[in-house]
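Here is the structure we will look at.
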Amino acid sequence: MDYVDPARNLISFTTGAGAVFAESAPAQAVDAFRQAWERVSADHGVEAGDVTRIEAYWQPAHWDERYLTRTFGDVELEYVFPRPDPGGWHTALDRAREVLDEVAAG
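In UniProt numbering, the protein residues as written are 1 to 106.
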């Protein structure tokens, strides 16, 4: 995935054919995965049944976890950062920026 500000949850959807479609949504949104998927699906005509893997910066919120299960079933899901408690976003975003800056610097 390309580096973006971690205040945006960069989410990629990989199909069984190996195509990767990425979108971002506000990291703190409880429906960030839904937002990203709706844009990918509408813009590229990808079907949920074609998706075999989802990768993201941030762990999905409970609402999105249920949405992902309903929409994609048992698809492989990976994320880089655990979702903080609602009051912990400032610290979590600062730490994520540090990590991503280190990775980008090589």
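The C-beta atom is built at its ideal place from N, Cα and C for all residues, glycine as well.
task = Assign Glu23 to buried or exposed, taking buried as 16 or more other Cβ atoms, counted over all protein chains shown, within 10 Å of its Cβ.
result = As a first step, residue 23 must be located in the sequence shown, where it is residue number 23. Buried.
ask   = Do you know how far the Cα of Gly106 is from the Cα of Arg39?
value = Looking up residue 39 in the sequence shown gives position 39. Looking up residue 106 in the sequence shown gives position 106. Here the C-alpha atom of Arg39 lies approximately 31 Å from the C-alpha atom of Gly106.
query = By DSSP, does Glu102 sit in helix, in strand, or in coil?
reply = Mapped onto the sequence shown, residue 102 falls at position 102. Helix, per DSSP.
ask   = Just curious, the beta strand (DSSP E) that Ala17 is in, first and last residue?
value = Numbered from its first residue, the sequence shown carries residue 17 at position 17. Element bounds for Ala17: n/a, residue is neither H nor E.
ask   = Going by the CB atoms, is the gap between Pro60 and Phe21 shorter than 7 Å?
value = Against the sequence shown, residue 21 aligns to sequence position 21. Against the sequence shown, residue 60 aligns to sequence position 60. Cβ atoms of Phe21 and Pro60: not closer than 7 Å.
query = Taking all protein chains shown into account, do 16 or more other C-beta atoms lie within 10 angstroms of the C-beta of Val51, making it buried, or fewer, making it exposed?
reply = Against the sequence shown, residue 51 aligns to sequence position 51. It counts as buried.
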